[in-house]
Structures are given as structure tokens and as C-alpha cells.
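Numbering (my numbering), first residue to last: 42 to 167.
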């Protein structure tokens, strides 16, 4: 019997896509649905592009969306990070919709988790 490969990210940290969900104020049924809605929103603005991702600011204030390009290992993926202030402290919250395989989504999750850690340290002035 072949052993199944254990996930890179422990169960419960994130879950596989299972129908519609709300991320940064947008109700979407798939990563590609989130991308379609953000790009169509009049208040969303193109931000940047790399060989793997395209990013948009908004449509909600202080949010940044990233969408995996078709050549990205984790495509289709949509993720939004929201920056907010609470009790005088600045926080970041990321939500991600990944419709690729568990292993690909885990890998993308870990990459964004590392990036968010670097950004938090900058925001907190470390």
C-alpha cells in the first residue's frame, strides 16, 4: 500500500475550497470569480505585476488583492490582505482562495505567510 503524502501545512490552518465565501467584502465562488469581480469593480485599481502574480488595490479601502497567473504553480489562486488599525496598533489580515491541489495551495500559503511576516515587521518598525 502506498502512503499518502502528508500536507505541508497542518490541517486546520487553511481548508480546501468548498463553495462560496466572503473575502475582503467580496462574495465569490472560486478564485477566478474573485478575480473577475475585483477587476470589474470601478474602485479597484491595478497595482503591480510579476511573472507569477497580478495585484490590485481595493475595491475596499486598505486592501490588496493578488491573483496567480495561469503559469503560476498555484493557479487558480486569489488572496487579499487587509490592513487595519485597532486600539492604536496596526494589523494585517490575509484570506486566500486556492482552487489548485492541496500541495500547491500549501506551498502558496507558506510563501504568503513568510511575506506577511516580513511586512508585519516593517509595519511594527522592527
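Note that beta-carbon positions come from the ideal geometry of N, C-alpha and C, so glycine has one too.
Predicted model only: the values in this text are computed from it and were never measured.
Leaving aside the five residues that flank residue 95 on each side, the residues in its chain whose CB is nearer than 6 Å to its CB run, in chain order, 108. Contact between residue 72 and residue 147 is ruled out by a C-beta separation of about 15 Å, above the 8 Å threshold. In the structure shown, residue 136 adopts extended strand secondary structure according to DSSP, grouped into three states. Of all C-beta pairs linking the region 73-85 to the region 149-162, fewer than three are shorter than 8 Å, placing the two stretches out of contact.
Within the model, the alpha-carbon separation for residue 110 versus residue 134 is close to 22 Å.
The straight-line gap separating the alpha-carbon atoms of residue 165 and residue 103 is approximately 17 Å.
Shown here, residue 103 sits in coil according to DSSP, grouped into three states, outside any helix or strand.
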